[in-house]
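Here is the structure we will look at, set down as structure tokens.
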Amino acid sequence: MAAADTSFQFTKTALASIAPTSKRVWYRDTKTQGLALCVTPAGSKTFYVIRRVAGMGRKGNTEFLRLGAFPEDLTVEQARAAARQKLQVLNAGESVRAATTAKKDEFTVGDLWKLWTAERSVGPNPDKPIKRSWKKDQRLYECHLKDRASRRVSEVTSTLVGKIFRDVTVNSGPVEANHLKRLARAIWNHAIKHHGMNIRNPWTTIKDNQESPREQWIKPDQMPALFKAIDSINNEDAADIFRLCLFTGARSGNVKAMRWDQVDLKANVWTIGSAHHKNKRVHSIPLPPPAVAILKRRVGVSAEWVFPSNSSAGHVTNIYASWKEALKAFAAETGASEVPDIRIHDLRHTTASWLVGQGVSLPMVGKLLGHTTTVTTARYAHLATDPVREALEKITAAMGSTTKEQ
């Protein structure tokens, strides 16, 4: 629990002056037994009753009861009164959890969502969210869970979440349901781990829907239009990043964070250290002539980064707007009525698909992409059959004159 210097007599001024740190900190009130304040890195301050309960394991078990947020829900005196009331119930022989059957004292689905967004998704600065995908979290919650925001967590059973999951599967698709399940499971786990919610996570009982792999790649007849579209965008840094994704098969995150000390222009090799690679392994990528030409053109722009910027990271980080610009130009070049649903990551799929189509073995493709298992590369296996199919069609056509199977 808390160190000695975090125990003091609570006052409004003292609690208001507490600044968040990089870790969750608990403070004890020396005036009221069991009353504590939890301050998170995001800056939220919440009153709790904390009590060691005997008979739950060799050393007992610490139970937490959330009272409310400071100062939005409770003042110091109100928190003390609430803590004393709960402790009286404990002294009468009831557990803290039995005392939380009243709706006003128990977490609701909406409470869990607020904790998640404040501490794991958005954080104190909405302009720099903790999760890049927080808008997706928000959409999933508003579409599928918000109408249950007032429901007590104890009422969200495995049966109920199973029904929610099935309904979303039918109405919004299996992938949407899987995404909702993973988000909800994480939200519940966060409350259980960090806020003393002593229940079993009902979302862990749900089995994911089977998903068909999303396969999207640029076909040979589309490639000239794509390069022309990339050439047309205003951001030359982004254009070079897109080109390097195609020429190397690397993840865009690695390309954006490419450093000059990773690049050997004599051996034409790019080496990504284990600390910067998704699979935590050193990964070397051969640089073909078009990639080398791009890098040589950028020599001297920065001593450290291939794509420097004024961002906090020091290198280019956000190229989404440029990709949207490229896709609009690509749609115009191909005469498409709508902007295609192609992700930046699909450039990597395109490189892999082209390699397989040229007869490169799946293990070799997996090595280039940095896959640790053949299972990941196996998504391209069907493409390896195309050259074989063409050859079979040619020889069977030649055989046609000698067989009655026409």
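Here our numbering is used: the first residue of the sequence shown is 752, the next is one more, and so on.
By construction, the Cβ of each residue, glycine as well, lies at the ideal position given by its N, Cα and C atoms.
When the beta-carbon positions are compared, Arg1010 and Ile1045 stay at least 8 Å from each other. Pairing Leu934 with Leu891 gives a Cβ-Cβ distance under 8 Å.
Contact between the segment 973-982 and the segment 1068-1081 is present: three or more C-beta pairs spanning the two stretches fall below 8 Å. A direct Cα-to-Cα measurement between Leu766 and Arg775 gives close to 15 Å. Arg779 carries a strand assignment under DSSP once its states are collapsed to helix, strand and coil. Around Glu927, the same chain offers Val919 as residues with beta carbons nearer than 7 Å, after the five sequence neighbours per side are excluded. DSSP places Thr764 inside the alpha helix (DSSP H), whose first and last residues are Lys763 to Ala767.
Pairing Gly794 with Asn1005, the inter-Cα distance amounts to about 32 Å.
Per DSSP, Asp991 has no beta-bridge partner at all. Rounded to whole angstroms, the gap between the alpha carbons of Val1033 and Asp1012 is 14 Å. Nearest to Lys958 by C-alpha distance, out of Phe1081, Asn940, His941 and Arg936, is Arg936.
In the three-state reduction of the DSSP assignment, Asp1097 falls in the helix class. The three-state reading of DSSP puts Ser1025 in helix, counting H, G and I together. Per the coordinates, the alpha-carbon of Ser758 lies some 19 Å from the alpha-carbon of Ser773.
Within the model, the alpha-carbon separation for Ala1064 versus Ser1053 is close to 14 Å. Looking at the backbone, the Cα of Cys996 and that of Leu1098 are separated by about 6 Å. The alpha carbon of Gln784 has as its nearest neighbour, out of Ile769, Gln760 and Pro771, the alpha carbon of Gln760. When C-alpha distances from Arg803 are compared across Phe815, Lys796 and Pro792, the shortest belongs to Phe815. The Cβ atoms of Glu857 and Val904 sit closer than 8 Å to each other. Apart from the 5 residues on each side of it in sequence, Pro1059 sits with its Cβ closer than 8 Å to the Cβ of Val1052, Ser1053, Gly1065, His1066 and Val1067 in its chain, given in chain order.
The beta-bridge partner set that DSSP reports for Ala820 consists of Thr797. With 16 or more other Cβ atoms inside 10 Å of its own Cβ, Ile1093 counts as buried. Counting along the chain, Leu911 sits inside the alpha helix (DSSP H) bounded by residues Ser909 to Ser923. For Lys1007, same chain residues with a beta-carbon under 8 Å away, outside a window of 5 residues either side, are Ile992, Phe1058, His1066, Val1067, Thr1068 and Ile1070 in chain order. Counting only the Cα atoms, Gln973 lies some 7 Å from Thr1085. Within the same chain, Cβ atoms closer than 8 Å to the Cβ of Pro925 are found at Asn960, Gln961 and Glu962, the five residues on either side in sequence being excluded. With respect to the C-alpha of Pro953, the residue from Asn1061, Gly1000, Ser909 and Ile943 having the closest C-alpha is Ser909.
In this structure, the CA atom of Ile943 is about 17 Å from the CA atom of Val912.
Where Ala1008 is concerned, there is no enclosing alpha helix (DSSP H), because DSSP gives it neither an H nor an E. Under the three-state reduction of DSSP, Thr826 is assigned to coil, being neither helix nor strand. The alpha-carbon separation between Thr956 and Trp939 amounts to approximately 13 Å.
Assignment of beta-bridge partners to Ile1036 by DSSP yields Trp1021. Judged by DSSP in its simplified three-state form, Trp1105 adopts helix. Arg903 is bridged by DSSP to Thr859.
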